[in-house]
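Colleague: Everything in the sequence shown is counted per our numbering, starting at 88 for the first residue and increasing by one.
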Amino acid sequence: MERISRPVLAGILTALVGFTSSSAVVLTGLHAVGASPSEAASGLFALCATQGLGVLWLVRRHRIPITLAWSTPGAALFASTGLIRGGWPAAVGAFLLVGGLILVTGLWPWLGALITAIPTPIAQAMLAGVVLQLCLDPVRGFAAHPWLVGPIVLAWVILLRFARKWAVPAAFAVTLVVVGVDAARHGGVHGALLPHLDWTTPAFTWAGLLSLALPLYVVTMAGQNVPGVAIMASYGYQVPWRETMTVTGLGTAAGALGGGHAINLAAITAAMAAAPDADPDPGRRWIASWTAGWAFLVLALVSAALTTFLSAAPADVTGAVAGLALLATLAASLSGALSASEGREAPAITFVIAASGLTFLGIGAAFWALAAGLLIRAVLPTTAHPGPAHRTGGTT
Numbered sequence: 088m089e090r091i092s093r094p095v096l097a098g099i100l101t102a103l104v105g106f107t108s109s110s111a112v113v114l115t116g117l118h119a120v121g122a123s124p125s126e127a128a129s130g131l132f133a134l135c136a137t138q139g140l141g142v143l144w145l146v147r148r149h150r151i152p153i154t155l156a157w158s159t160p161g162a163a164l165f166a167s168t169g170l171i172r173g174g175w176p177a178a179v180g181a182f183l184l185v186g187g188l189i190l191v192t193g194l195w196p197w198l199g200a201l202i203t204a205i206p207t208p209i210a211q212a213m214l215a216g217v218v219l220q221l222c223l224d225p226v227r228g229f230a231a232h233p234w235l236v237g238p239i240v241l242a243w244v245i246l247l248r249f250a251r252k253w254a255v256p257a258a259f260a261v262t263l264v265v266v267g268v269d270a271a272r273h274g275g276v277h278g279a280l281l282p283h284l285d286w287t288t289p290a291f292t293w294a295g296l297l298s299l300a301l302p303l304y305v306v307t308m309a310g311q312n313v314p315g316v317a318i319m320a321s322y323g324y325q326v327p328w329r330e331t332m333t334v335t336g337l338g339t340a341a342g343a344l345g346g347g348h349a350i351n352l353a354a355i356t357a358a359m360a361a362a363p364d365a366d367p368d369p370g371r372r373w374i375a376s377w378t379a380g381w382a383f384l385v386l387a388l389v390s391a392a393l394t395t396f397l398s399a400a401p402a403d404v405t406g407a408v409a410g411l412a413l414l415a416t417l418a419a420s421l422s423g424a425l426s427a428s429e430g431r432e433a434p435a436i437t438f439v440i441a442a443s444g445l446t447f448l449g450i451g452a453a454f455w456a457l458a459a460g461l462l463i464r465a466v467l468p469t470t471a472h473p474g475p476a477h478r479t480g481g482t483t
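Now the structure itself:
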């Protein structure tokens, strides 16, 4: 019984930690690019369902503890970019384009090689700039609602000291309590509780391509898929790259029509299913990922209720837990951006532009940050060019 229960428990925890650590980030990002509460709930449902089904397919085919996740850096990108020309339909069109790009990456490896050729400091600087604004939300939220945000931050600090991997889930749990108490004082919670899919007809625009699709593809590949492969390799597992890109590309495209932005290889939470803690026998750890796949499908059923519940709170409160969830990503990205001893001007410019939130010619800051960083790196002479090693900015 213990041999069965141990990987099953690891799989359930993998799904719960991934969901509670970043679902608030996803909802914040989808709202920022124009999703209504109903459309955001649909997007969260689509993400849970597609990654759950994708995990079950890959695990059944290969019997390795492979785990998928949604693109948390991508959701943070949306929060930084905000509403683009064309609104929510243009954002959905961008999600579809990303699915196509991921699919092409699996079929033609040169596209993946092109992404890994982006210097690590510049990719990490763009990611750091993108998540910075969300990481400021706990500060802003505490200033605006100290009695609501204070308990959330306190729970995060305490668990950070004694059980680091549970710090964000604990903050999320306290957020639910805080929101429940606040909602009870203001008339309760109103809205849809059952899961649903809202169909959105996509619109394909240049603003969607340059402001959302290309930056989302870059951060998903560099911040999740590449480190996900490296983490799996560290535990002795070879990711079936082509099939994984095909599954996540098709899953992203299918989920996009319901409002989901992107699914990819898990990075940090991948270790929860692939490490010896899941099972001493490497040949049995696939059970943890198999269980996680089913757990994601169960979590999809509560996604609408969660969205309705969190929407009852002031935006500063839900933004606070989203910001806390991204602090580790910010720290890792800043470290990677400044890792080179020379040639730091290009990453610095990339970070500043990405963090500025500017929109120029209808195109968001992430695109201009990446373009400027690559241009400055090409123009300025450097003696140290760190290679495109594996990225460390993944969140789930």
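Built from N, CA and C at the ideal position, the CB exists for glycine as well.
Inspect the beta-carbon positions of I171 and G121 and report whether they are closer than 9 Å.
Modeller: By one-based count along the sequence shown, residue 171 stands at place 84. By one-based count along the sequence shown, residue 121 stands at place 34. Yes, the pair counts as a contact, with Cβ atoms nearer than the cut-off.
Colleague: Between A442, A250, A375, which lies nearest to L214 when the distance is taken from Cα to Cα?
Modeller: By 1-based counting over the sequence shown, the position of residue 214 is 127. Minimum Cα distance to L214 is reached at A442.
Colleague: With a threshold of 6 Å on Cβ separation, who are the neighbours of T437 within its own chain once the five nearest residues in sequence on each side are excluded?
Modeller: As a position in the sequence shown, residue 437 is number 350, starting the count at 1. Correct list, in chain order: I209, A212, M213, A456, G460.
Colleague: On a CA-only basis, which of F259, L397, Q138, A166 is nearest A452? Give me that one, please.
Modeller: Here the question's residue 452 lines up with position 365 in the sequence shown. Measuring from the Cα of A452, the nearest candidate turns out to be A166.
Colleague: Identify whether A156 lies in helix, strand or coil by the three-state DSSP scheme.
Modeller: On the sequence shown, position 69 is the one that residue 156 refers to. Three-state result, A156: strand.
Colleague: Is it the case that the Cβ atoms of V179 and A290 are separated by a distance below 9 Å?
Modeller: Indexing the sequence shown from 1 puts residue 179 at position 92. Indexing the sequence shown from 1 puts residue 290 at position 203. In this structure, A290 lies closer than 9 Å to V179 by Cβ.
Colleague: Roughly how many angstroms lie between the CA atoms of A476 and T405, to the nearest whole one?
Modeller: As a first step, residue 476 must be located in the sequence shown, where it is residue number 389. As a first step, residue 405 must be located in the sequence shown, where it is residue number 318. Because A476 sits at a pLDDT of 44, beneath the cut-off of 50, its placement in the model cannot be relied upon, and the following sentence gives the value as read from the coordinates. Looking at the two C-alpha atoms, the distance is approximately 34 Å.
Colleague: Following the continuous alpha helix (DSSP H) through L190, name the residue where it begins and the one where it ends.
Modeller: If you number the sequence shown from 1, residue 190 lands on position 103. Run containing L190: 174-194, per the alpha helix (DSSP H) assignment.
Colleague: At what residues does the alpha helix (DSSP H) containing I374 begin and finish?
Modeller: Numbered from its first residue, the sequence shown carries residue 374 at position 287. Per DSSP, I374 belongs to the alpha helix (DSSP H) from 373-388.
Colleague: Between the alpha carbons of L393 and V265, how many angstroms are there, rounded?
Modeller: By one-based count along the sequence shown, residue 393 stands at place 306. By one-based count along the sequence shown, residue 265 stands at place 178. Their Cα atoms are separated by approximately 14 Å.
Colleague: May I ask you to report which of helix, strand or coil DSSP gives I440?
Modeller: Translated into the one-based positions of the sequence shown, residue 440 becomes position 353. Helix at I440.
Colleague: Out of A200, T262, W175, T207, state which residue places its alpha-carbon closest to the alpha-carbon of T288.
Modeller: What you label residue 288 is simply residue 201 of the sequence shown in a count that begins at 1. Ranking A200, T262, W175, T207 by Cα distance to T288 puts W175 first.
Colleague: Going by DSSP, what residue range makes up the beta strand (DSSP E) through L352?
Modeller: To locate residue 352, count along the sequence shown from 1; it is residue 265. Residues 350-352.
Colleague: Return the CA-CA distance between V385 and Q325, expressed in angstroms with no decimal places.
Modeller: Mapped onto the sequence shown, residue 385 falls at position 298. Mapped onto the sequence shown, residue 325 falls at position 238. Spanning the two alpha carbons is a distance of roughly 28 Å.
Colleague: Helix, strand or coil, according to DSSP, for F249 in the structure here?
Modeller: Position 162 of the sequence shown holds residue 249. The answer is helix: DSSP assigns F249 an H, G or I state.
Colleague: What's the call for R272, buried or exposed, on a 16-neighbour Cβ count within 10 Å?
Modeller: The residue given as residue 272 occupies position 185 in the sequence shown. R272 is exposed by the Cβ-count criterion.
Colleague: Assign F291 to one of three DSSP states: helix, strand, or coil.
Modeller: The sequence position of residue 291 within the sequence shown is 204, counting from 1. Three-state result, F291: coil.
Colleague: Less than 9 Å between the beta carbons of T137 and T356, yes or no?
Modeller: Taking the sequence shown and counting its residues from 1, one reaches residue 137 at position 50. Taking the sequence shown and counting its residues from 1, one reaches residue 356 at position 269. Cβ atoms of T137 and T356: not closer than 9 Å.
Colleague: How would you label V466, buried or exposed, when you count the other beta carbons within 10 angstroms and need 16 or more for buried?
Modeller: By one-based count along the sequence shown, residue 466 stands at place 379. V466 is exposed by the Cβ-count criterion.
Colleague: Can you give the Cα-Cα distance for W195 and R464, rounded to whole angstroms?
Modeller: By 1-based counting over the sequence shown, the position of residue 195 is 108. By 1-based counting over the sequence shown, the position of residue 464 is 377. Rounded to the nearest angstrom, the two C-alpha atoms are 27 Å apart.
Colleague: Going by C-alpha distance, which of L96, A317, W243, R93 is nearest A407?
Modeller: Walking along the sequence shown from the start, residue 407 turns up at place 320. Measuring from the Cα of A407, the nearest candidate turns out to be W243.
Colleague: Could you tell me the alpha carbon to alpha carbon distance between G161 and H348, rounded to whole angstroms?
Modeller: Translated into positions along the sequence shown, residue 161 becomes position 74. Translated into positions along the sequence shown, residue 348 becomes position 261. So the two alpha carbons sit approximately 8 Å from each other.
Colleague: Confirm the yes/no value for this check: CB of V313, any heavy atom of the ligand GTP, distance under 8 Å.
Modeller: This structure does not include the ligand GTP; it has no bound ligands of any sort.
Colleague: With distances taken between CB atoms, is the gap from I205 to V305 smaller than 9 Å?
Modeller: Residue 205 sits at position 118 when you count from the first residue of the sequence shown. Residue 305 sits at position 218 when you count from the first residue of the sequence shown. In contact: I205 and V305 (Cβ atoms closer than 9 Å).
Colleague: Here's the rule I'm using: 16 or more other beta-carbon atoms within 10 Å means buried, otherwise exposed. How should W234 be labelled?
Modeller: What you label residue 234 is simply residue 147 of the sequence shown in a count that begins at 1. Counting Cβ neighbours within 10 Å, W234 comes out exposed, since fewer than 16 surround it.
Colleague: With DSSP run on the structure shown, which of helix, strand or coil describes E429?
Modeller: What you label residue 429 is simply residue 342 of the sequence shown in a count that begins at 1. In the structure shown, E429 sits in coil (DSSP, three-state: anything other than H, G, I, E or B).
Colleague: Exposed or buried, which one is D368 when buried takes at least 16 other CB atoms within 10 Å?
Modeller: In the sequence shown, counting from the first residue as 1, residue 368 sits at position 281. Exposed, by the Cβ-count rule.
Colleague: Would you mind stating whether A379 and R372 have Cβ atoms separated by less than 9 Å?
Modeller: The residue labelled residue 379 in the question sits at position 292 within the sequence shown. The residue labelled residue 372 in the question sits at position 285 within the sequence shown. Contact flag unset, no.
Colleague: When DSSP labels each residue in this structure, what does D364 get in the three-state scheme?
Modeller: Working through the sequence shown from its first residue, we reach residue 364 at position 277. Correct three-state label for D364: coil.
Colleague: So, for R150: in the same chain, excluding its five sequence neighbours on each side, which residues have a beta-carbon less than 6 Å away from its beta-carbon?
Modeller: Translated into positions along the sequence shown, residue 150 becomes position 63. Only W373 meet the Cβ criterion.
Colleague: Do you know offhand how far S420's Cα is from Q220's?
Modeller: What you label residue 420 is simply residue 333 of the sequence shown in a count that begins at 1. What you label residue 220 is simply residue 133 of the sequence shown in a count that begins at 1. Looking at the two C-alpha atoms, the distance is approximately 14 Å.
Colleague: Scan the stretch 113-149 and note each continuous alpha helix (DSSP H) run of 4 residues or more that stays entirely inside, going in chain order.
Modeller: Whole alpha helix (DSSP H) segments, 4+ residues: 124-149.
Colleague: Just to confirm the assignment, what range does the alpha helix (DSSP H) spanning L170 have?
Modeller: Within the sequence shown, the letter at position 83 stands for residue 170. Careful: L170 lies outside any alpha helix (DSSP H) and carries neither H nor E.
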